[in-house]
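What follows is a short report on a single structure.
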DNA sequence: TTGGTCACATACGCTGTGTATGTGGTTAGG
DNA sequence: CCTAACCACATACACAGCGTATGTGACCAA
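Residue numbers (my numbering), protein chains in the order written: chain Z, 11 to 200; chain A, 11 to 200.
Shown next, in the form of structure tokens:
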């Protein structure tokens, strides 16, 4: 069964190329060549360039959110949220993840489709935490949707900032973002 | 002197089309046809598709930031910042501005070039306000760069949220974002 | 009146996507 | 064990859209 291996190899090479050169600057020919197959193989496994990118993206999101959920072990919702935040910032320090999910994804898919996918992953996770924090009185119970968008978007800003930063700065920037977000959270207590 | 008029008409039609259909879905043929000229005219006035979009974008940014600066009349830095914020949110309620500057621009130009342009406009304005607020003790004086990015990004989130919202919800969402941002600012006092 | 320039139009080549069809190897059925 | 079907991929072609090179009429300028 060569099929699965080829598909996995295509996904892998596509992940690297999309992250390195960006979506537009990467042709399916490039991906095929890197995998040592032809474009025919790509179209056999994926409906098109967009579908290939979506597959790459979904895998990144899935892995990242799994890491986040795994980290949030505390029983206190606020502690759990902070653990999750911390885990996310760690993830965001990996340039491939940040670049693909926060830079390339909106570019490639258009904002509409991008947000649809996010609903199932990052955005959905933020949504659950915000809800929990409101229920337990750590956040004022109002404008829930907007509050979720607010924090979701902050995470994206942090992700992008970390994605673009030099390795030497990452630790410091990570901590600065962490501090800003927790402070901002504090400003929103009832 | 037809030249200036043609250029202005091209810019105008391009603004509409890029905002309505997005950058990728708008061909230069579309823009030329809408202006009732040929693609030749487009290439006479602009170096290419990207240059045309940049011209459209810069005009939007210029107008928006002019409106923001004009609104910030208070002598107290915090009051002025809040006036500026309020003016920005008003601007963001205009779908053409929000869509072009916050959705299409990163898509079209790539993140790198987009941020370069923003430095001169929105980001630059936020930077000055943050600096002022830190100098006058309204914001804790640390992580200035990250704090700027934080607020800049927050404004982007608000812009996008408002860009995508139904007209009926805009007023409410505008106020919710305003509230969240001022609260978040409060959490960052020394 | 003629040479030059400006403001476009026309024509062509190239890249990249998607699709339709071809092909070798493997497997299932008689 | 032979053949027919199918799977996994390759090849070939059509077409859109960008950019560029060249053509053209109008309008001066000497």
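For glycine and all other residues, C-beta sits at the position ideal for the given N, C-alpha and C.
Residue-level contact to chain A via CB, residue i, 8 Å cutoff
| i | result |
| --- | --- |
| residue 87(Z) | no |
| residue 144(Z) | no |
| residue 194(Z) | yes |
| residue 117(Z) | yes |
| residue 121(Z) | yes |
| residue 104(Z) | no |
| residue 169(Z) | no |
| residue 197(Z) | yes |
| residue 23(Z) | no |
| residue 160(Z) | yes |
| residue 134(Z) | no |
| residue 61(Z) | no |
| residue 153(Z) | yes |
| residue 190(Z) | yes |
Range of the contiguous alpha helix (DSSP H) that encloses residue i
| i | result |
| --- | --- |
| residue 112(A) | That residue, residue 112(A), is in no alpha helix (DSSP H); it is neither H nor E in DSSP. |
| residue 182(Z) | 177-196 |
| residue 101(A) | 87-102 |
| residue 138(A) | 132-145 |
| residue 149(Z) | No alpha helix (DSSP H) contains residue 149(Z), which DSSP labels as neither H nor E. |
| residue 199(Z) | Element bounds for residue 199(Z): n/a, residue is neither H nor E. |
| residue 63(Z) | 59-81 |
| residue 50(A) | 49-55 |
| residue 108(A) | 105-108 |
| residue 45(A) | 38-45 |
Pick from the options that is closest to residue i, judged by C-alpha positions
| i | options | result |
| --- | --- | --- |
| residue 136(Z) | 79(Z), 53(Z), 194(Z), 117(Z) | 79(Z) |
| residue 103(A) | 193(A), 43(A), 120(A), 167(A) | 167(A) |
| residue 77(Z) | 98(Z), 58(Z), 59(Z) | 98(Z) |
| residue 177(A) | 113(A), 100(A), 118(A), 196(A) | 100(A) |
| residue 37(A) | 29(A), 50(A), 59(A), 25(A) | 59(A) |
| residue 140(Z) | 128(Z), 116(Z), 153(Z) | 153(Z) |
| residue 44(A) | 16(A), 114(A), 196(A), 133(A) | 16(A) |
| residue 197(Z) | 94(A), 193(A), 199(A) | 193(A) |
Cβ-Cβ distance between residue i and residue j below 8 Å
| i | j | result |
| --- | --- | --- |
| residue 190(A) | residue 171(A) | no |
| residue 144(A) | residue 163(Z) | no |
| residue 173(A) | residue 109(A) | yes |
| residue 27(Z) | residue 41(Z) | yes |
| residue 21(A) | residue 52(A) | no |
| residue 82(A) | residue 70(A) | no |
Cβ of residue i within 8 Å of any chain Z Cβ
| i | result |
| --- | --- |
| residue 70(A) | no |
| residue 148(A) | no |
| residue 128(A) | no |
| residue 156(A) | yes |
| residue 58(A) | no |
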